[in-house]
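Working notes for the structure below.
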Amino acid sequence: MLKMFHHRKISVQLFVLAGMAMFAVWVCMGQAASTQPKAARPAADDDDIDFVLKHATPTTAPATSPADELFGTSKPSRPTRTDALPGVIVLSDGKTLPGWLYTTAEKDFDVFIDADKRWVHVPFLNVLSITAVVDEEKMEPEWRWKEMGVPEKVFTGREYPTRRFRWKFHLIDDSTLTGVVKGQPVWLELGQAKVGPMLLHERSKGEFSQKLADLVYVKQIFVSKRLMDAVLKQ
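Shown next, in the form of structure tokens:
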């Protein structure tokens, strides 16, 4: 009987020691995981920076840049919105605007993926860049009814520019998605100056006096402190 009790005592002690060892290993693993550095936001690619700087100002342009014309001598101080992100907006007319970017407060980009027939919600914080994909652009003729009660239309001789867009999102995990955005505004702020809202929408329409080149749109948005600083130094 004593021998059996002695064996049981040893078994309990071994069980307790094994449990303590497993707990120590678990604690060490938790501490190691907590000391792992958090994933950093990817920086802008050198190709992106080279492209933007190359196209920001024509070689024949005056010393004053588009940013100077819009913002004067404003400095890239922190913006009024705490969720604003540093970056650059490139417009279709060649203007390159550096500053702090934000959209509607607490509102993700809602992107409709036609192939999947579903909406994807994209937080601005997850975006590296947004690029306009022009699906169609043309001068749309104006038509009117020939006479009252006559089911026939005639061309008035006037035209207006129109474009249809999708938007390509490059995300911080290096994935991309392209779809329709239904009128999401983006603002850009630098110092005391603000530009916007500039709309990411599905369709834009100009005036009768305008041509396609006059209907300026957001061509690209880059979220990058490095790129913003590079354009400001240009």
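The numbers in my numbering rise by one with no breaks, and the one at position 156 of the sequence shown is 1344.
By construction, the Cβ of each residue, glycine as well, lies at the ideal position given by its N, Cα and C atoms.
Nothing here was measured: the structure is a model prediction, and the numbers come from that model.
Neighbour-count burial assignment, His1309, 16 or more Cβ in a 10 Å radius: Stepping through the sequence shown from its first residue, residue 1309 is reached at position 121. Exposed: under 16 other Cβ atoms inside 10 Å.
Beta-carbon gap between Met1416 and Pro1286 smaller than 8 Å: Here residue 1416 is taken as the residue at index 228 of the sequence shown, counted from 1. Here residue 1286 is taken as the residue at index 98 of the sequence shown, counted from 1. Taking 8 Å as the Cβ cut-off, Met1416 and Pro1286 qualify as a contacting pair.
C-beta atoms of Thr1284 and Val1276 nearer than 8 Å: Translated into the one-based positions of the sequence shown, residue 1284 becomes position 96. Translated into the one-based positions of the sequence shown, residue 1276 becomes position 88. Contact flag set, yes.
Complete alpha helix (DSSP H) runs within the stretch 1324 to 1348 (minimum length 4 residues, chain order): none
Cβ shell of Glu1324 (< 6 Å), same chain only, five flanking positions each side left out: Start at 1 with the first residue of the sequence shown, and residue 1324 comes out as number 136. Excluding residues within five positions, the ones whose Cβ falls inside 6 Å are Arg1352.
Closest Cα partner of Arg1391 within the set Gly1384, Asp1402, Thr1270 and Val1369: Here residue 1391 refers to the residue found at position 203 when the sequence shown is read from its first residue. Of the listed residues, the one whose Cα sits closest to Arg1391 is Val1369.
Residue span of the alpha helix (DSSP H) that contains Val1419, given as start and end: Taking the first residue of the sequence shown as position 1, residue 1419 is located at position 231. Lys1413 to Lys1421 is the extent of the alpha helix (DSSP H) around Val1419.
Beta-carbon contacts of Glu1377 that lie in its chain and below 6 Å, excluding the five residues immediately before and after: As a first step, residue 1377 is located in the sequence shown; it is residue number 189 there, counting from the start. Excluding positions up to five away in sequence, the list reads Pro1267, Gly1287 and Trp1288.
Val1322 versus Glu1294, Glu1347 and Trp1355, residue with shortest Cα-Cα distance: In the sequence shown, residue 1322 corresponds to position 134, counting from 1. The shortest C-alpha separation from Val1322 is found at Trp1355.
Neighbourhood of Thr1270 by C-beta distance below 7 Å, restricted to the same chain and skipping five residues each side: Taking the first residue of the sequence shown as 1, we reach residue 1270 at position 82. Closer than 7 Å at the Cβ level, and outside the excluded window around Thr1270, lies no residue.
Reduced DSSP secondary structure (H/G/I, E/B, other) of Ala1320: For this step, residue 1320 is matched to residue 132 along the sequence shown. It is a strand residue.
8 Å CB neighbourhood of Gly1384 in its chain, flanking five on each side removed: Numbered from its first residue, the sequence shown carries residue 1384 at position 196. Excluding residues within five positions, the ones whose Cβ falls inside 8 Å are Pro1373, Val1374, Trp1375 and Leu1376.
Secondary structure of Asp1271, DSSP reduced to three states: Taking the first residue of the sequence shown as position 1, residue 1271 is located at position 83. Looking at Asp1271 - three-state DSSP - the assignment turns out to be coil, as it is neither helix nor strand.
Nonlocal neighbours in the same chain, by C-beta distance under 8 Å from Lys1407, ignoring five residues either side: Translated into positions along the sequence shown, residue 1407 becomes position 219. Correct list, in chain order: Val1278, Leu1279, Ser1280, Thr1319 and Ala1320.
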